[in-house]
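S.K.: Please see the structure below; I have some questions.
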């Protein structure tokens, strides 16, 4: 009897197994990305975000024509947070699909390891981060191409939105690996996620920079970008490294043990720590001094240009708006009885920090007018009121009390050559009315109007502009005298005198 001995055959490993192992991962990633697109939260929040963005882009508001780009880039960070919540919920649900459908055992027989499936889910989030980058880019780009755009944006600030979406998706994947309980309402997890992120971001200290989105200094009156003290570059690097770290941890939790994966996790952790610490505040003494200089002595950090005899001084990022200011000054001076050259200076007040609204103190200097850092919409007639007040009273400080004829003259100068004077008059008044007493907005202190002054201004707006302008120039001395009453102004300008006793400052 002969014995047959089987010789074992050794199957050679493929010389380049990488592409063969990567192909199913990419295929699963494409499938999961398409599945995410069918999830109700993703579709709902995505459509809401797109709708809001489109409405914002097509709306016709005056200040939208003069965007501050170093504010626009930060404004792109808020809305993606809502979309990121939808991604968190949908990705978490996708990872737990097999457990929810009780098909875990079937996956154990597949050649794709659990860590590779975690990688596929990670890659499935990338298209949505790229989609976020596209929407953010269109939003910012539309503002940047406007002729009145001011300043410049930051790529690091614009990257926060897409990185936030990626971060939320990775949180969903990691939670599914650490807490694979299908009965736990993922919406509760999403609420906790939002609560933690918001509590950290609103902390007010430098540790708020550990949150994906830092909301400090995002609102309020615009200021020069060098006064913001935002560590956007470090923050974007921190978010990117944190996303890589979360992806590595998600694969390690699922059994990934390769040296390359562990090395990537260690490197990502190191970069996250370094970038996180890089967000610490710099020299606050120098920053405080720069803000104090910009507030109290802006002439030290501004340049000036002359247009038609008047001088216009601005912070560097607003130099392009000087011509817009000059148009308003020329329009107001055209109706006045004097051609006094003015010095228009841009002013801010950030001595107590930035991020809020404030009222600028009137300056005592003669023929000096203030302009702010916002422009367009109601800011234009408000500046016109400020310029007219200086022409009538001599200075902003002297214009704090514009009783009688002077108040009427100021409003006529501001409105007389306006293309839509009645609508502008209504927009200038705090109560949005054109009758009775009211407070009128200006670039510094507001102007108080009596009911009698309002009546006279309305009567003047109903008359031909050329006739009223000629009367204003002919009686300029009387109209700018503090002793001339509102009734006297009506008589000088050829309209009916108002009824009732007038009390200045009512």
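Numbering (the working numbering), first residue to last: 614 to 1119. C-beta: ideal position from N, C-alpha, C; glycine also. All values reported here derive from a predicted model rather than from experimental measurement.
Helix, strand or coil, according to DSSP, for residue 871 in the structure here?
M.R.: coil
S.K.: Quick one: does residue 698 have its CB under 7 Å from some CB of chain B?
M.R.: Among the chains of the structure shown, chain B does not appear; only one protein chain is present.
S.K.: So residue 971 is in the beta strand (DSSP E); what residue range does that whole segment cover?
M.R.: Where residue 971 is concerned, there is no enclosing beta strand (DSSP E), given that its DSSP letter is neither H nor E.
S.K.: My output table needs one value for residue 755: the three-state DSSP class, helix, strand or coil.
M.R.: helix
S.K.: Unbroken alpha helix (DSSP H) runs of length 4 or more, entirely within the region 926 to 997: which are they?
M.R.: Taken in chain order, the unbroken stretches of alpha helix (DSSP H) that lie wholly in the region 926 to 997 and span 4 residues or more are 935 to 947.
S.K.: Nearest-angstrom Cα distance between residue 851 and residue 820?
M.R.: 13 Å
S.K.: Can the beta-carbon of residue 1111 be found closer than 7 Å to that of residue 1045?
M.R.: At a Cβ-Cβ threshold of 7 Å, residue 1111 and residue 1045 do not count as neighbours.
S.K.: So what's residue 1094 in DSSP terms, helix, strand or just coil?
M.R.: coil
S.K.: Using three-state DSSP, classify residue 685 as helix, strand or coil.
M.R.: In the structure shown, residue 685 sits in a helix (DSSP, three-state: H, G or I).
S.K.: Residue 836 and residue 785 - do their beta-carbons sit closer together than 7 Å?
M.R.: no
S.K.: Are there 16 or more other CB atoms within 10 angstroms of the CB of residue 777, so buried, or fewer, so exposed?
M.R.: buried
S.K.: By Cβ distance, which residues of its chain are closer than 6 Å to residue 842, with the 5 residues on each side in sequence left out?
M.R.: 900
S.K.: Tell me where the beta strand (DSSP E) around residue 1052 begins and ends.
M.R.: 1051 to 1053
S.K.: Would residue 1097 pass as a contact of residue 1018 if the rule is Cβ separation under 7 Å?
M.R.: yes
S.K.: Rounding to the nearest angstrom, what Cα-Cα distance links residue 640 and residue 736 in this structure?
M.R.: 10 Å
S.K.: In three-state DSSP terms, what is residue 1046?
M.R.: coil
S.K.: For my contact list, residue 1070 and residue 1024 are in at a C-beta cut-off of 8 Å; report their separation, rounded to the angstrom.
M.R.: A Cβ-Cβ distance of about 5 Å is found for the pair residue 1070 and residue 1024, placing them in contact under the 8 Å criterion.
S.K.: For residue 657, I'd like the list of residues in its chain whose CB is within less than 8 Å of its CB, leaving aside the five on either flank, ordered along the chain.
M.R.: Taken in chain order, the residues that qualify are 699.
S.K.: Mind checking who residue 1060 pairs with in its DSSP beta bridge?
M.R.: Paired residue(s): 1053.
S.K.: Please report the Cβ distance between residue 927 and residue 977, rounded to the nearest whole angstrom; I am assuming they are in contact, meaning their Cβ atoms lie under 8 Å.
M.R.: Contact flag wrong, Cβ pair sits at about 21 Å.
S.K.: For residue 841, verify whether its CB is less than 6 Å away from any heavy atom of the ligand SAM.
M.R.: Judged by which ligands are present, the structure shown has none, so any question about the ligand SAM falls away.
S.K.: Identify, in the order they occur along the chain, each residue of the same chain with its Cβ nearer than 8 Å to the Cβ of residue 790, setting aside the five sequence neighbours on each side.
M.R.: 708, 731, 863, 866 and 867
S.K.: CA-CA distance, residue 996 and residue 1079?
M.R.: 23 Å
S.K.: Tell me whether the region 888 to 896 and the region 940 to 947 touch, counting them as touching only if at least three CB pairs, one residue from each stretch, are closer than 8 Å.
M.R.: no
S.K.: Can you list, in chain order, the residues of its chain with a C-beta nearer than 6 Å to that of residue 981? Leave out the 5 residues immediately preceding and following it.
M.R.: 956
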